[in-house]
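**Q**
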Amino acid sequence: MASLKELKDRIKSVKSTQKITKAKQMVAAAKLRKAQAAAEAARPYADRLAGVMGSLASKVSGDSAPLLLRGTGSRQRHLLVVVNTDKGLCGGLNANIVKEAKKQAKALMAEGKDVSFYLVGKKGRAPIKRDYAGQIDAQYDTSEMKNPDFAEAEKIADELVAKFENGEFDVAHLVYPIFKSALAQDPTTTQILPVPAPETAAESDSVVEYEPDEEAILEDLLPRYIKTQLFGALLEREASEQGASMTAMDNATRNAGDLIDKLTIQYNRSRQAAITTELIEIIAGAEAL
Amino acid sequence: MALHFELVTPSKLVRSEDVHMVVVPGAEGEFGVLEGHAPFMSTIRDGAVQVYKTEGGAPEEIEVRGGFAEVGDNGLTVLAEHVED
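The listed protein sequences correspond, in order, to chains B and Z. Take the first sequence: its position 56, counted from the start at 1, is 56 in the numbering used here, and no numbers get skipped. Basically the numbering used here = 1-based index in the second sequence + 289.
(1) Three-state secondary structure (DSSP) at B/Leu230?
(2) Checking contacts by CB at 8 angstroms: is B/Ile217 closer than that to chain Z?
(3) Against chain B, does Z/Phe329 count as a neighbour if the rule is that its beta carbon must be under 8 angstroms from one of theirs?
(4) List the DSSP bridge partners of B/Asp116.
(5) How far does the beta strand (DSSP E) with B/Pro187 in it extend, from its first residue to its last?
(6) For B/Pro177 and B/Met109, what's the separation of their Cα atoms in angstroms?
(7) Considering only the beta carbon of each residue, do Z/His372 and Z/Val308 sit closer than 8 angstroms?
(8) Please report the straight-line C-alpha distance between Z/Lys301 and Z/Leu292, rounded to a whole angstrom.
(9) So Z/Val322 and Z/Val297 are supposed to be a Cβ contact under 8 angstroms. How far apart are they, rounded?
(10) Which residues of chain Z have a Cβ atom closer than 8 angstroms to the Cβ of B/Asp220, listed in chain order?
(11) Return the residue from the list B/Lys227, B/Glu241, B/Asp170 and B/Tyr267 that minimises the CA-CA distance to B/Gln76.
(12) Under 9 angstroms Cβ-Cβ, which residues of chain Z neighbour B/Tyr210?
(13) From the DSSP secondary-structure annotation, give me the bridge partner or partners of Z/Ser305.
(14) Please list, in chain order, the chain B residues whose beta carbon lies closer than 8 angstroms to that of Z/Val297.
(15) For B/Lys123, which residues of its own chain have a beta-carbon under 8 angstroms away from its beta-carbon, when the five flanking residues on both sides are left out?
(16) Considering only DSSP beta bridges, list what B/Ile136 is partnered with.
(17) Quick one: Cα of Z/Ala316 to Cα of B/Asp220, how far?
(18) Going along chain B in order, which residues have a C-beta closer than 7 angstroms to the C-beta of Z/Leu368?
(19) Any beta carbon from chain Z within less than 8 angstroms of B/Arg10's own beta carbon?
(20) Contact defined as beta carbons within less than 8 angstroms: I believe B/Leu68 pairs with B/Leu193. What is the distance between those atoms, to the nearest angstrom?
(21) Could you name the residues of the same chain whose beta carbon sits closer than 6 angstroms to that of B/His173, not counting the 5 residues immediately before and after it, in chain order?
(22) Roughly how many whole angstroms lie between the Cα atoms of B/Ala365 and B/Glu241?
(23) Would you list the residues sitting across from B/Thr253 in a DSSP beta bridge?
(24) In its own chain, which residues sit with a C-beta less than 8 angstroms from the C-beta of Z/Glu344, not counting the 5 before and 5 after it?
(25) So the beta strand (DSSP E) B/Met26 belongs to, where does it begin and stop?
(26) Assuming B/Leu49 and B/Tyr225 form a contact by the criterion Cβ under 8 angstroms, report the distance between their Cβ atoms to the nearest whole angstrom.
(27) Tell whether a beta-carbon distance below 8 angstroms holds between B/Val60 and B/Leu218.
(28) Tell me which same chain residues have a C-beta within less than 8 angstroms of the C-beta of B/Gly257, skipping the five on either side of it?
(29) Taking only beta-carbon positions, decide if Z/Leu265 is within less than 8 angstroms of chain B.
(30) Is the shortest distance between the beta-carbon of B/Ala239 and the beta-carbons of chain Z less than 8 angstroms?
(31) Helix, strand or coil for B/Met145 per DSSP?
(32) Do B/Pro44 and B/Leu215 have their beta-carbon atoms positioned less than 8 angstroms apart in this structure?
(33) As a quick exercise: from Z/Phe320, Z/Val353 and Z/Glu295, pick the residue whose alpha carbon is nearest that of Z/Phe329.
(34) Could you give the first and the last residue of the continuous beta strand (DSSP E) run that contains B/Ala172?
(35) List, in chain order, every chain Z residue whose beta-carbon is nearer than 9 angstroms to that of B/Phe150.
(36) Excluding the 5 residues flanking B/Ser74 on each side, which residues of the same chain have their C-beta closer than 7 angstroms to its C-beta?
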C-alpha cells in the first residue's frame, strides 16, 4: 500500500498531465476548424483544373502527349510519396499511413517491381526506415511550415517532376490520409505520375480555341495539376492531424479523469484507515490505564 | 449584359462576380473578354488582370502570377497560382 504522501503526489502529477492533454485538445479543435476551411477553399481550384485537364487530355493523346501524361513507357520502378505528419500526439494516424504505405510496397514488390520512398513529414521516417532502410530515396521536411502552403507543395512537385524527367522512376504514387471526420482518417493511395488519363471524355460540343495550342497548354498545365494534388494532400494531412489529435487528446483527458477518481478513492480509504488505526490505539491505551 | 468572372487560386476563390469586361494578359498578348465570347483557352503570363466593372469605368487591376484563363458558356475563369492582394 502506497503511503498517503505518495498517493497525493501521484494525483497531482496525473492532474497536471490532464491539464496538458485538455489544452492540446482545445488547440487541435480550433486548428481543425481552420484546416477544414482551408481544405474547402482549395476545392474550386482543384475541381476546375481537373475539369480542364480532362477535356484537354482527351484531345491530346498518343505520341504527341507530353512525358508527364504519357509516362516513360515502363512500369518497373515505383516511387511511393508518403505524406506523414511532423508532430505526434495524434493517435494512430501516422501508424495507419505507414501501414498503408507498407502494404502498397509489399504488393508492388510481390509483382517484382522496384520500390523506393519519398517521405514528406517527420513521423514516417523511423517506421519506414526500419523495414526498408535502403529504399528511402529522399525526405522532405515540412516542419518549418505552420499552415499548408502552396509554395511548399510547389517545391515538392518540382522535385518529383525533375526526378521523373531524369528517369529516376517510372510511376509515382501518393500515400496520404483523407480526412473523413475527427474520428476517421482514411489513408489512401493514388497515382500522380504519369498523370492518370481521366476517364471522362470531353462532352463539350463547342469548338474551343487554344492559345498557344493544346499541347503547349497541356505541357504548362500538367505540372500545375501535380502541384495542386500535392497541395490537396498537405491540406488533408493537416485536417487529419488535427482531427486525430483532438480525438486522441479527448480520450487521454477522459482516461486521466478516471485515473484521478480511482486514486482519490484509494487516497480517502487509506486516510480513513490511518485515522481508524489511530483511534483504536488511543482507546486501547486509555483502557490499559 | 454582364460577364461572369471568376478568379481562383489554390487557397481560395478570390472573385466571383458579374462584370462588364476583363482584360487578361495572355501568353501571346492581352485579350479582352466580354459577354458571349467564343470558347477560348489560353495560358497567361505574369501581369495584371484588368476588371472593368462598368462600361467606361476605371479598371481594377489584380496582379496574377502563373496560370491560365478559360472562357466557356458560364463566363471567364482565371486560374492563377498566386494573386497579389
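In this text, a Cβ means the ideal position worked out from N, Cα and C, and glycines have one as well.
**A** So, to answer that:
(1) It is helical.
(2) Yes, B/Ile217 lies at the interface with chain Z (some Cβ there is under 8 angstroms from its Cβ).
(3) Judged by the 8 angstroms Cβ criterion, Z/Phe329 is in contact with chain B.
(4) The residue asked about is misnamed: residue 116 of chain B is Ser in this sequence, not Asp. For B/Ser116, which the question treats as bridged, DSSP gives the partners B/Leu79.
(5) Run containing B/Pro187: Gln185 to Leu193, per the beta strand (DSSP E) assignment.
(6) B/Pro177 and B/Met109: Cα-Cα distance of roughly 22 angstroms.
(7) Reading off the sequence shown, one finds Val at residue 372 of chain Z, where the question assumed His. No.
(8) Straight through space, the alpha carbons of Z/Leu292 and Z/Lys301 are spaced by roughly 21 angstroms.
(9) So it is not a contact: roughly 16 angstroms between Cβ atoms.
(10) Going along chain Z in sequence order, the residues near B/Asp220 (Cβ under 8 angstroms) are Thr332 and Phe357.
(11) It is B/Asp170 whose Cα lies nearest to the Cα of B/Gln76.
(12) Against B/Tyr210, the close residues of chain Z are Phe329, Met330 and Ser331, in the order they occur along the chain (beta-carbon pairs closer than 9 angstroms).
(13) Under DSSP, Z/Ser305 shares a beta bridge with Z/Glu295.
(14) Those are Pro44, Tyr45 and Arg48, listed as they occur along chain B.
(15) Residues Asn84, Thr85, Asp86, Lys87, Gly88 and Asn94 of the same chain have their beta carbon placed closer than 8 angstroms to that of B/Lys123, with the five preceding and five following residues left out of the count.
(16) Partner residues in the beta bridge of B/Ile136, as assigned by DSSP, are B/Phe117.
(17) About 11 angstroms.
(18) Simply Tyr45, Arg48 and Leu49.
(19) For B/Arg10, not one C-beta of chain Z is nearer than 8 angstroms to its own C-beta.
(20) Right, the Cβ-Cβ distance comes to about 7 angstroms (below 8 angstroms), so this counts as a contact.
(21) Hits under 6 angstroms: Leu80, Thr189 and Gln191.
(22) Shown here, chain B extends from 1 to 289; a query on residue 365 of chain B therefore has no answer.
(23) DSSP, once it has assigned bridges, lists no residue as partnering B/Thr253.
(24) His309 and Met310, listed in sequence order.
(25) Premise fails: B/Met26 lies in the alpha helix (DSSP H), Leu4 to Ala57, not in any beta strand (DSSP E).
(26) Between B/Leu49 and B/Tyr225 a beta carbon distance of about 6 angstroms is seen, short of the 8 angstroms cut, so the two are scored as contacting.
(27) The answer is yes: Cβ separation under 8 angstroms.
(28) A distance below 8 angstroms between beta-carbons, with the five flanking residues on each side excluded, links B/Gly257 to the following residues of its chain, in chain order: Gln18.
(29) Only positions 290 to 374 of chain Z appear in this structure, which leaves residue 265 of chain Z out of reach.
(30) Residue-level contact check: B/Ala239 does not touch chain Z, since none of the beta carbons of chain Z fall below 8 angstroms from its beta carbon.
(31) Judged by DSSP in its simplified three-state form, B/Met145 adopts coil rather than helix or strand.
(32) Correcting the residue type first, residue 215 of chain B is Glu in the shown sequence and not Leu. In this structure, B/Glu215 sits away from B/Pro44, with a CB-CB distance that is not shorter than 8 angstroms.
(33) Distance check between Z/Phe329 and each of Z/Phe320, Z/Val353 and Z/Glu295 places Z/Phe320 closest, using alpha-carbon atoms only.
(34) Counting along the chain, B/Ala172 sits inside the beta strand (DSSP E) bounded by residues Val171 to Phe179.
(35) Those within 9 angstroms of B/Phe150 in chain Z are Thr298, Pro299, Ser300, Glu370 and His371.
(36) Result list for B/Ser74: Asp170, in chain order.
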